[in-house]
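Student: Line by line, the protein sequences give chains P and G. Numbering-wise (numbering that gives the first Met the number 0), the first sequence opens with residue 0 and increments by one. Numbering-wise (numbering that gives the first Met the number 0), the second sequence opens with residue 0 and increments by one. Once you've had a glance at the structure underneath, I'll fire off some questions.
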Amino acid sequence: MRSTRAAYSLSADISLIDLHNVSLWIDNRSILSNIQFSLRANEIMTIIGPNGAGKSSLARVVLGLLKPTSGQIKRKAGLRIGYVPQNFHVDSTFPVTVKRFMQLAENSVNWQQSLQQTNMDAFADQALSSLSGGELQRVLLARALQLKPQLLVLDEPAQGIDISGQTEFYQLIREARDQIHCSVLLISHDLHLVMAATDQVLCLNQHICCAGHPATVSNDPAFIHLFGEQAARSLAVYHHHHDHHHHADGTIASGSECRHKHD
Amino acid sequence: MAPSPVVANVGISMIEILLPALLGGLILAMVTGPLGCFVVWRRMSYFGDTLAHSALLGVAFGLFLEINTSVAITGGCAVMAIILVVLQQQKQLAVDTLLGILAHSSLSLGLVTLSFMPQIQIDLMAYLFGDLLAIDWTDLPWIAAGACAVLALIGFNWRSLLLTTLHEELAAVEGIPVRSLRLLLMLLMSLVIALAMKVVGVLLVTSLLIIPAATARFYSRTPEQMALLASLCGMLAVLSGLGLSWWLNTPAGPSVVLAGFFFFSAALTARLIGKRLQAKIAFQRE
């Protein structure tokens, strides 16, 4: 039993999540159609798309909060997911310190260590409602990390944080990935600041328009059509600078009917 | 009965009459503290009101079917709680609209049903505004048992309830049964309302949940502190409200609520003055 589990976790090829032809309808409206991708261990995937593209819905399907209308979703057995939600509003009627919030997790012995990991250990005794947007995001990240997740899902985590804060936050995510070897699924509304370490970009507009490595996606006609020349160029420029971090191995089909395949 | 000195007589009757009421009120306040915190955090005070209004319907049906009133009230409130949870899922009407409709319709239905039973004499005022002094020793075991059950259920689910209150989706991702907990809270509220009805009555029962919790908010930094402080505030309100009622011969339920309101105002004022002073000191230091 134990040996098979070890063998599983050692194999990097096993995917944590597999979506097969997933479609979602809410109130007779199509939200997602024929979504198909898999997320492998240790991989960072960014989902981008315009407003109303269904990014958050897709994240919620992955998290198990929404059941797809059709299609299949397979999760690795016993998958531990850490979640950093999009709008975390702490009601001022609810008194809770950062420390107590960290301890509200099922397994919270390492809460201090997790706070250190996101440089928030100095804030342990502060009221959660007194934190700034960026500080709150880092606490939420620490809380997700303390669960020792195999998959980290972040829904527009950098919203309301300035550019330098965003870059720092992305750096934290990357460090966390390297430390605990989790996969990362990142929803981003910001095309210009897709995380440099992203292995795969998934461009969503209810269906998957295109997918692959950032450098290839930015040249995809479907991407340019969806976001315009300017965005495509800035994404390309951004990744041009960071090309040395990884090799462009994503392959991409053309048009909007693209189905991506790894390797 | 042999004539006894007036003073001694008053002393004995005061303990005889007041002690069950006092004990019952104190036990209830212990429970309404933590439960009231959830009502405040989750903005459920309207729910509490609606459940309380439906309690009178429970009384009417209890008398009609000749079953124990407390059981009937709990049952009536529980049915209403389930209806509310189900209706919350539709989106055409806002929740507060629905609550308003249900609250007053069930209250009216209760009153109309009662009017069909002229042979039954009930003290409507006692149900609407409470009659603490009607609590006797036979009620106490029920109140204590109900209170223990509610406290145990809250305590057992404490972490899950707090996380669900903070962020439902986060809680759900971490495997907490969010929907069941929502229903649990409503059912607990039904039970507490049924228990508290004799103390403060249908129309005032939510105040026993909200006022102590709101008072406690000013002086707490963690949810546990707030729950504990709310219990203490509630107990203090019961104690002083009953004293007021005894010595000034005022109605018991409203006296308890007023005492609670007094402590709330005092806490609020002290908090505001404290903040002013802090700001002043900080200003002078600069």
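Idealized CB from N, CA, C, for every residue including glycine.
1) Residues of chain P with CB closer than 7 Å to the CB of G:Arg216, please, in chain order.
2) Would you say P:Ala157 reaches chain G, if we count a Cβ-Cβ gap shorter than 8 Å as a contact?
3) Look at the alpha carbon of P:Cys168 and the alpha carbon of P:Ile13, and state the distance between them as a whole number of angstroms.
4) Any beta carbon of chain P sitting closer than 8 Å to that of G:Ala266?
5) If you drop the 5 nearest sequence neighbours on each side, which residues of the same chain put their C-beta closer than 8 Å to that of P:Gln125?
6) Output yes if chain P places a C-beta closer than 8 Å to the C-beta of G:Thr164; else output no.
7) Listed from N- to C-terminal order along the chain, which residues in the region 36-57 of chain G have their beta-carbon within a distance smaller than 7 Å of any beta-carbon of chain P?
8) Does the region 99-109 of chain G come into contact with the region 50-58 of chain G, if we say contact requires no fewer than three beta-carbon pairs (one atom in each stretch) closer than 8 Å?
9) Hey, how far is the Cα of G:Ala80 from the Cα of G:Val58?
10) Helix, strand or coil: which one does DSSP assign to G:Asp138?
11) So, with DSSP's three-state summary, where would you put P:Met101?
12) With three or more beta-carbon pairs closer than 8 Å as the criterion, would you say the region 114-134 of chain G touches the region 27-47 of chain P?
13) Could you tell me whether the Cβ atoms of G:Val255 and G:Leu241 are closer together than 8 Å?
14) Leaving out the 5 sequence neighbours to the left and right, which residues in its chain are closer than 7 Å to P:His239 when beta-carbon positions are compared?
15) Please classify G:Ile272 as buried or exposed, where buried requires at least 16 other C-beta atoms within 10 Å of its C-beta.
16) CB-CB under 7 Å to G:Phe217, same chain, minus the five flanking residues each way: which ones, in chain order?
17) Helix, strand or coil for P:Val200, going by three-state DSSP, please let me know.
18) Who are the near neighbours of P:Ser55 in its chain, counting only those whose CB is closer than 7 Å to its CB and skipping five residues on each side?
19) Is the Cβ-Cβ distance between P:Leu150 and P:Ile16 less than 8 Å?
20) Name the chain G residues that come within less than 9 Å of P:Ala126, Cβ to Cβ?
21) By the 10 Å Cβ neighbour count, where 16 or more other Cβ atoms means buried, how is P:Ala121 classified, buried or exposed?
22) With DSSP as the reference, label P:Tyr237 as helix, strand or coil.
23) Which full runs of the alpha helix (DSSP H) of 4+ residues lie inside the region 151-185 of chain P, going along the chain?
24) Considering only residues of the region 73-150 of chain G, which uninterrupted alpha helix (DSSP H) runs meet the minimum length of 4 residues and lie entirely inside it, listed in chain order?
25) For the region 18-37 of chain G against the region 226-234 of chain G, do three or more pairs of beta-carbon atoms, one drawn from each stretch, fall closer than 8 Å, so that the two count as touching?
26) If you reduce the DSSP assignment to three classes, tell me which class G:Val58 lands in.
27) List the DSSP bridge partners of P:His19.
28) To which residues of the same chain is G:Ala193 closer than 7 Å at the C-beta, ignoring the five residues directly before and after it?
29) Are the region 197-217 of chain G and the region 84-95 of chain G touching by the rule of at least three beta carbon pairs closer than 8 Å?
30) Are the beta-carbon atoms of P:Gly53 and P:Leu31 separated by less than 8 Å?
31) Could you pull the DSSP bridge partners for P:Trp24 from this structure?
32) Output the distance between the C-alpha atoms of G:Phe63 and G:Leu243, rounded to the nearest integer angstrom.
33) Counting along the chain, where does the alpha helix (DSSP H) carrying G:Ile210 start and finish?
34) Quick check: the Cα distance between P:Leu144 and P:Leu103, rounded to an integer number of angstroms?
35) What first and last residue would you give for the beta strand (DSSP E) that runs through P:Val83?
36) How far does the beta strand (DSSP E) with P:Ser45 in it reach, from first residue to last?
Tutor: Let me spell this out:
1) Thr92 and Pro94
2) no
3) It is worth fixing the name first, because residue 168 of chain P is Phe in this sequence and not Cys. Each residue's Cα considered, the two are about 28 Å apart.
4) no
5) Thr96 and Val97
6) It does: the Cβ of G:Thr164 has a partner Cβ on chain P nearer than 8 Å.
7) Val39 and Trp40
8) yes
9) CA-to-CA, the gap between G:Ala80 and G:Val58 works out to about 16 Å.
10) helix
11) helix
12) no
13) yes
14) Any reading at P:His239 is ruled out, since the residue's pLDDT is 39, under 50, leaving its predicted position unreliable.
15) exposed
16) The beta carbon of G:Phe217 sits closer than 7 Å to those of Ala266, Leu267 and Arg270, all from its chain and outside the five residues before and after it, given in chain order.
17) strand
18) Gln85, Asp154 and Ile186
19) yes
20) Contact annotation for P:Ala126 against chain G: Arg220 [CB-CB distance below 9 Å, chain order].
21) exposed
22) Confidence at P:Tyr237 is low in this model, with a pLDDT of 49, below 50, so its placement is unreliable and the value that follows should be read with caution. In the structure shown, P:Tyr237 sits in a helix (DSSP, three-state: H, G or I).
23) 162-179
24) 94-114 and 123-128
25) yes
26) helix
27) P:Gln71
28) Ala54, Ser69, Ile72, Thr73 and Cys76
29) no
30) yes
31) P:Ser29
32) 36 Å
33) Val204 to Arg216
34) 13 Å
35) Ile80 to Val83 is the span of the beta strand (DSSP E), which, as asked, contains P:Val83.
36) Here residue 45 of chain P is Thr; the residue named in the question, Ser, does not match the sequence. It spans Ile43 to Ile47 - the beta strand (DSSP E) in which P:Thr45 sits, taken as one unbroken run.
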